[in-house]
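Student: Take the sequence shown: its position 11, counted from the start at 1, is 11 in the UniProt record's numbering, and no numbers get skipped.
My questions will all concern the structure given below.
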Amino acid sequence: MRKSKKTELKINQRHIDILEFAKRYMRENNYPPTEREIMAGVGFRSTQSIAKYMREMHQLGLIVMRKSPRAFYIPGVRYVFEDKPVVLDGEEAEKA
Numbered sequence: 001m002r003k004s005k006k007t008e009l010k011i012n013q014r015h016i017d018i019l020e021f022a023k024r025y026m027r028e029n030n031y032p033p034t035e036r037e038i039m040a041g042v043g044f045r046s047t048q049s050i051a052k053y054m055r056e057m058h059q060l061g062l063i064v065m066r067k068s069p070r071a072f073y074i075p076g077v078r079y080v081f082e083d084k085p086v087v088l089d090g091e092e093a094e095k096a
């Protein structure tokens, strides 16, 4: 029986690009983007690539995923509702 080599997952620039796009999208729209919206916003050519990176980001703890198209959230980011909903990232949330 052959053992498969597990490569250690590390955060790369694509993960960061997707995360930053998702934060920006959530600030503007008050809900997370779909894989197709991420694909267009970050410049990918296939939703399969986005799905792969999203799974990796989930494994790395950068996002928490659920089973519907817009069902993920970014730990440390929260919504604040005043006149208009505002998304705060970790540092901003600590100050609020």
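The C-beta atom is built at its ideal place from N, Cα and C for all residues, glycine as well.
Fair warning: this is a prediction, and the values are worked out from it, not measured in the lab.
#1: Can you list, in chain order, the residues of its chain whose CB lies under 6 Å from that of F44, leaving out five sequence neighbours each side?
#2: What whole-angstrom Cβ distance do A22 and I74 have, given they're in contact under 8 Å?
#3: Which value, in whole angstroms, describes the spacing of the CA atoms of P15 and Y53?
#4: Name the DSSP bridge partner or partners of M65?
#5: Check for me: the alpha helix (DSSP H) holding G41 runs from which residue to which?
#6: Three-state secondary structure (DSSP) at K10?
#7: Contact check, R70 vs P32 under 8 Å by CB: the rounded distance?
Tutor: Concretely, from the data shown:
#1: I50
#2: 6 Å
#3: The question names Pro, yet the displayed sequence has His at residue 15. So the two alpha carbons sit approximately 7 Å from each other.
#4: F72
#5: 35–42
#6: coil
#7: 5 Å
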